[in-house]
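Below is one structure, written out as structure tokens; the observations come after it.
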Amino acid sequence: MKYVIVSTAVTDKTYQYGRTTPTINLGGAGTYALAGVKIWTDEVTLVTGVGADFASVHGKWFEENGLVMDQLQVKDEKTPTTIVKYFEDGERKETPAFGTNHYRLMEATVDDIQATLHSDVKGVYIFKEADLEFWYAVSQLKQNHRFTLMWEINADSAVFDQIAHVKGIAEKVDIFSINRTEAHSLLHKESINEMITEFKSWNTPLIFLRDGARGAYMIYEDECVHVPPVKNAKVVDATGGGNSSSAGVLYGVCEGYSPYDSGVIGSISASVCLEQQGVPQHLDSEIRKRANELLQDMRWK
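Residue numbering for the sequence shown is 708 to 1008, as defined by the working numbering.
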């Protein structure tokens, strides 16, 4: 596989704002990122731990969408369940139903990642906190295998007292993905322009600054371009928008698209993943055709 996604696959119990009954679907940052790349190519795999029950609960989705499960490692009897609660302002809180230790048990190790690497791997997406030991080991893998590496920061690490660690890691990857709320917490900057100015000073080749329904910013060298969202996108469930868009950007960069067009690919990936509760049920040729038509319409003219 040319693209490796490193993050979780879970069952999401999602409470939209004002509702007392949850929807229950396959979710997790890894699953949404997987979908974000699968929209464009079949050459993608997910690396994570799961429960022994995962194949019976969620295996059908992988099978129907032609996605392999050979890098899903059984690490417990139960697959994690995440309680996702949305608030009036659109923010959300995610709580592991079986506890933090059970959730962390599922996280892919450096050895798990290394087992997926070969000469054809172009890009690796990792959703993770600022774990210095982990990222040092991953940087060694990057040097040895020469893939393009994206880090989407876990919100737990997007805090001002960790900025030195975060910046140090971000400057060792190729693409750093963060949303506006996380950037505010990390940088203690109020405006989007202040955030962009700060990120321009980082020695990271590309920073993908996500701004929700307002689109995103591609920050590279001394440049910054705004990428719009997909017009009239149907938003049913925003849970996986950041993960799917980030992984879409990774795909775009690895395939040689410009920063702007890579951002457009990210916007399209997100739009597909926002149209229903949970991940899209069908990631088929029709979805790919629609995505490519949107890309041709939205690309830099």
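We put the CB at the ideal spot given by N, CA and C, even for glycine.
When only Cα atoms are considered, T888 and F794 end up about 14 Å apart. Boundaries of the alpha helix (DSSP H) harbouring G766: 761-771, taken from the DSSP string. Contact check between the stretch 754-764 and the stretch 966-973: fewer than three CB pairs, one atom from each, fall below 8 Å, which does not count as touching. With respect to I899, A837 sits apart: the two C-beta atoms are not nearer than 7 Å. Around G973, the same chain offers S952, G955, V956 as residues with beta carbons nearer than 6 Å, after the five sequence neighbours per side are excluded. Under DSSP, Q847 takes part in no beta bridge, so it has no partner. Per DSSP, the continuous alpha helix (DSSP H) segment holding V971 begins and ends at 966-980. Under the 10 Å beta carbon count, I885 is surrounded by 16 or more other beta carbons and is classified as buried. Across the set Q1003, K938, H895, the C-alpha of K938 shows the shortest separation from the C-alpha of L981. Residue state for A923 is assigned as strand, using DSSP reduced to three classes. Taking 8 Å as the upper bound for CB-CB distance, T855 and G830 are in contact here, some 5 Å apart.
G806 has its alpha-carbon roughly 24 Å from the corresponding atom of G797. When the five nearest sequence neighbours on each side are left out, the beta carbons in the same chain lying within less than 7 Å of the beta carbon of W909 are those of K874, A877, E878, in order along the chain. In this chain, the alpha helix (DSSP H) harbouring M1005 covers 992-1005.
Excluding the 5 residues flanking it on each side, G948 has same chain C-beta neighbours closer than 6 Å at A977, L981, in chain order. Contact between I882 and V960 holds: CB atoms are separated by about 6 Å, below the 8 Å threshold. Rounded to whole angstroms, the Cβ separation of T911 and V880 is 7 Å, and the two are in contact under 8 Å.
For V744, the secondary structure class from DSSP, reduced to helix, strand or coil, is helix.
Shown here for I914: same chain residues with a beta carbon closer than 6 Å to its own, the five before and five after excluded, namely F883, F906, I926 in chain order. Contact fails between the stretch 807-816 and the stretch 915-923, because fewer than three Cβ pairs, one in each stretch, are under 8 Å apart. Where T888 is concerned, there is no enclosing beta strand (DSSP E), although the alpha helix (DSSP H) around it starts and stops at 887-894.
7 Å or more divides the Cβ of W858 from the Cβ of I820. Remark: C-beta atoms of V943 and Q983 approach each other more closely than 7 Å. In the structure shown, N910 falls within a coil segment according to DSSP collapsed to helix, strand and coil.
Under DSSP, F834 forms a beta bridge with E859. In this structure, the CA atom of T786 is about 6 Å from the CA atom of V717.
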